[in-house]
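Peer 1:
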Amino acid sequence: MAKEKRFAPRFDMGNAPLTELVGNRQVTVEGSTGILLYESENIKLSTGRMLVSFYGRGLRLRCISESCVEIEGFISKIEFLT
Amino acid sequence: MLLGILRFIKGYVVFRAYGKSPERIMNICAQRGVRLWNARPVSDGLQACASVKEYRHIRPLAKRAGVVTKIRKKRGFPFFAAKYKGRIGLPAGAAAGIVLLIVLSQFLWTMNITGLKTVSEERLTALLNDSGVRIGAFKHGVDTSQARRDILLKVDEIGWLSVNICGCHADVEVKEKIKKPELEEDSTPCNLKAKTDGVITKVTAARGMSQVKTGSGVKQGDLLISGVGLTKQNTVRYVRAKGEVMADVISDKELKLDKKYDYISLSENKSSRYQLSFLGLDMPCSLSFRIFPDSVCTQKTDHLSSNGVALPLGIVTETSIELKKEQVTPDLGQAKAVFKKALLLYELFEKNDSSIVQKDWSVKESGGEYRCSASYVFNENIAESVDFSVEE
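Chains as they are written, first to last, in the numbering used here: chain A, 1 to 82; chain B, 1001 to 1392.
1. Let me check understanding here. Comparing Cα to Cα, which of B:T1188, B:Y1084, B:R1134, B:A1092 lies closest to L1311 (chain B)?
2. With a threshold of 6 Å on Cβ separation, who are the neighbours of V1067 (chain B) within its own chain once the five nearest residues in sequence on each side are excluded?
3. Near K1300 (chain B), what residues of its chain come up, given a Cβ to Cβ distance below 7 Å and the 5 sequence neighbours on each side ignored?
4. Which residue marks the beginning of the beta strand (DSSP E) containing K1175 (chain B), and which one marks its end?
5. Mapping DSSP to helix, strand and coil, what is R1285 (chain B)?
6. The ligand SAH and R1007 (chain B): does the residue's C-beta get closer than 6 Å to at least one heavy atom of that ligand?
7. Could you work out which residue in B:L1116, B:A1342, B:P1091 is closest to L1161 (chain B) when comparing CA atoms only?
8. Contact criterion: CB-CB distance below 7 Å. Does R49 (chain A) meet it with respect to chain B?
9. Since G125 (chain A) contacts S40 (chain A) with CB under 8 Å, what's their CB separation in whole angstroms?
10. Excluding the five sequence neighbours on either side, which residues of its own chain have a C-beta within less than 6 Å of the C-beta of A1374 (chain B), listed in chain order?
11. Quick one: which residues of the region 34-58 of chain A get their C-beta closer than 7 Å to a C-beta of chain B? List them in chain order.
12. Quick check: K1213 (chain B) and S1265 (chain B), are their CB atoms within less than 7 Å of each other?
13. For K1340 (chain B), report the span of its alpha helix (DSSP H) as first-last.
14. Could you give the DSSP three-state label for G1229 (chain B): helix, strand or coil?
15. List, in chain order, every chain B residue whose beta-carbon is nearer than 9 Å to that of I75 (chain A).
16. Counting C-beta neighbours from all protein chains within 10 Å, is the total for Q1211 (chain B) 16 or more, i.e. buried, or is it exposed?
17. Is A61 (chain A) close to chain B? Criterion is C-beta to C-beta, closer than 7 Å.
18. Which class does G1033 (chain B) belong to by DSSP, given the choice of helix, strand or coil?
19. Have a look at B:S1355, B:L1345, B:V1309, B:S1272 and flag the residue whose alpha-carbon is nearest the alpha-carbon of S1320 (chain B).
20. Could you check which residue in B:K1139, B:H1140, B:R1149 has the C-alpha nearest to that of L1127 (chain B)?
21. Judging by CA-CA distance, which residue of B:A1247, B:K1232, B:T1204, B:Q1031 is the nearest neighbour of S65 (chain A)?
22. Measure the Cβ-Cβ separation of A998 (chain B) and L1192 (chain B) and say whether it is below 7 Å.
23. Give every residue of the same chain whose Cβ lies closer than 6 Å to the Cβ of A1062 (chain B), excluding the five residues on either side of it in the sequence, and list them in chain order.
24. What's the gap between the Cα of Q1275 (chain B) and the Cα of T1144 (chain B)?
25. Output needed for Q1146 (chain B): all residues of its chain with C-beta closer than 7 Å, excluding positions within five of it in sequence on either side, in chain order.
26. Is the shortest distance between the beta-carbon of E66 (chain A) and the beta-carbons of chain B less than 7 Å?
27. Quick one, which of B:V1386, B:K1175, B:E1322, B:G1136 has its alpha-carbon nearest T1114 (chain B)'s?
28. With a threshold of 8 Å, are at least 3 pairs of Cβ atoms found where one atom belongs to the region 1191-1207 of chain B and the other to the region 1219-1239 of chain B?
29. Residues of the region 1049-1067 of chain B in Cβ contact with chain A at a cutoff of 9 Å, in chain order, please.
30. If we call anything under 7 Å between Cβ atoms a contact, is R1059 (chain B) one with V1014 (chain B)?
31. Tell me whether the beta-carbon of V29 (chain A) lies closer than 7 Å to the beta-carbon of L45 (chain A).
32. Pull out every residue of the region 1034-1046 of chain B whose Cβ sits closer than 9 Å to any Cβ of chain A, in chain order.
33. Find the residues of chain A that neighbour M1026 (chain B), judging by a C-beta separation of less than 8 Å, and give them in chain order.
34. Under 7 Å Cβ to Cβ from D1248 (chain B), same chain only, skipping five residues before and after it: list those, please.
35. List the residues that DSSP assigns as beta-bridge partners of Y38 (chain A).
36. How many angstroms separate the CA atom of N1038 (chain B) from the CA atom of W1109 (chain B)?
Quick look at the structure:
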């Protein structure tokens, strides 16, 4: 008997960044295209179609690669600008 | 931690980026695969760390981004080495130190022996030396199993022995055999007889029939405890008599001391020589050494120790002291002091099993000598076994 093909539901998110938060102390953004602002109270990232802005205290970039950014610190607000 | 060590070995710089938008340098570096760490914003720009090799790539990129970079600190081994480049002695000394460390760690530096009770440490150390386990031995050449077998064959008192070499330290653990209790297997009948004259003070007959009572006087050879007894059936039974018969015994001691005699003592003249002891090798350090015709020699070793462990590095001091001979003419007081000491030694070493009941002593001058007459009453065990044969 031929096996029935099953498809998982797919949501096309385009080039949307994948943002992973660990509490409000750490955030990893995959799909970042660049850092626009780097201050200890505000870090602004470009993710292609929109800008993501993290506000808080003692913010610092822990790791930067071509498409991934890891931010550490006390995050109080996240803002998306499209 | 490990990453920090690797970065230190490779060398890195702490730099600052100034300009209109210093974040651009981070983006460009990320795109080009240039790794930056500890990036943090500062008042007039951005501060980050980069390895020496990668910092060379950052400068043209920064120029393109319109950012000026400036090195703040240089850290790591390459910079440290460059600082001492002209001083060849330093790396040579470090290399020699490492080689020395490697070479010296191939030898035994310390040895510890534990578990000895009756066997002397000197005897075991000498046997271990014969088997190759000694301070200064090349540790890879030591056959611990063979040494263990040799010592177990040579020393009867040792039941188990283990030689463990850990680093440059040899640990010798010993367990001695438990001695068999001496069992009285001799069943030959015997009597207990008096070995000297005395007045009986106490009779303890463990086996056999007591023939004397407290307060009775006995002569040498008198029967004290008989080995012949009667059974309940009135038949004769022969046993090996055993017991203790305490008696007051009179003992005289005569001592003599010449009025003029030669006395040998240590003089002030001494000569010392030193040897440097290292890993069992003794290297002489002194050139002159005076030898006296009559002398005594002492040897003292001072070892360097660390944390209570004696290291195989020390100074051996050999001292020769001249003996001087002089004529002594003691007066009566001095003679009494000499006799008093001699009597004390007699009581301690010759009559150590006896207790003193009475002691009288006097010193007299007689011709060219002093004479000491001591009269003691000792309380001691006077019983001695005398075997007898039974013939039917």
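Idealized CB from N, CA, C, for every residue including glycine. Computed from a predicted model, the values in this text were never measured in an experiment.
Peer 2: Inspection of the coordinates gives the following:
1. Residue B:R1134 is the option with its Cα nearest to L1311 (chain B).
2. So the qualifying residues of the chain are A1017, G1019, P1022, I1025.
3. Short of 7 Å from the beta carbon of K1300 (chain B), and not among the five residues preceding or following it, lie these beta carbons of its own chain, in chain order: T1317.
4. Per DSSP, the unbroken beta strand (DSSP E) holding K1175 (chain B) starts and ends at 1169-1176.
5. The sequence shown places Cys at residue 1285 (chain B), rather than the Arg named in the question. Coil, per DSSP.
6. The ligand SAH is not among the ligands present in this structure, which contains no ligands whatsoever.
7. Sorting B:L1116, B:A1342, B:P1091 by C-alpha distance to the C-alpha of L1161 (chain B) places B:L1116 at the top.
8. It does not; no Cβ of chain B falls within 7 Å.
9. The structure shown has nothing for residue 125 (chain A), since chain A only spans 1 to 82.
10. Cβ within range, chain order: K1253, L1343, W1361.
11. Those would be G34, I35, L36, L37, Y38, E39, S40, in chain order.
12. Going by beta carbons, K1213 (chain B) and S1265 (chain B) fall outside the 7 Å limit.
13. Start and end: 1332-1349.
14. Strand, per DSSP.
15. Residues of chain B passing the Cβ test: none, with the nearest at roughly 16 Å.
16. So Q1211 (chain B) counts as buried.
17. In the sequence as displayed, the identity of residue 61 (chain A) is Leu instead of Ala. Yes, because at least one Cβ of chain B sits closer than 7 Å to the Cβ of L61 (chain A).
18. In the structure shown, the three-state DSSP call for G1033 (chain B) is coil.
19. Closest option to S1320 (chain B), Cα to Cα, is B:S1272.
20. Closest option to L1127 (chain B), Cα to Cα, is B:R1149.
21. Looking at B:A1247, B:K1232, B:T1204, B:Q1031, the one whose alpha-carbon comes closest to that of S65 (chain A) is B:Q1031.
22. Shown here, chain B extends from 1001 to 1392; a query on residue 998 (chain B) therefore has no answer.
23. Once the five neighbours on either side are set aside, the close Cβ partners of A1062 (chain B) are I1025, T1069.
24. Distance between the alpha carbons of Q1275 (chain B) and T1144 (chain B) is about 30 Å.
25. S1131.
26. Yes, because at least one Cβ of chain B sits closer than 7 Å to the Cβ of E66 (chain A).
27. Just measuring C-alpha positions, the residue of B:V1386, B:K1175, B:E1322, B:G1136 sitting nearest T1114 (chain B) is B:K1175.
28. The region 1219-1239 of chain B and the region 1191-1207 of chain B touch, with three or more beta-carbon pairs separated by less than 8 Å.
29. Taking 9 Å as the cut-off between beta carbons, none of the residues of the region 1049-1067 of chain B comes near chain A.
30. No, these two residues do not count as a Cβ contact at 7 Å.
31. Result yes, Cβ atoms of V29 (chain A) and L45 (chain A) sit closer than 7 Å.
32. Those residues of the region 1034-1046 of chain B that come within reach of chain A (Cβ to Cβ, closer than 9 Å) are R1035, L1036, W1037, N1038, A1039, R1040, P1041, L1046.
33. Correct list: I35, Y38, L61, I64.
34. So the qualifying residues of the chain are G1198, V1199, T1201, V1357, V1377, N1379.
35. Partner(s): A:I43.
36. N1038 (chain B) and W1109 (chain B) have their C-alpha atoms roughly 47 Å apart.
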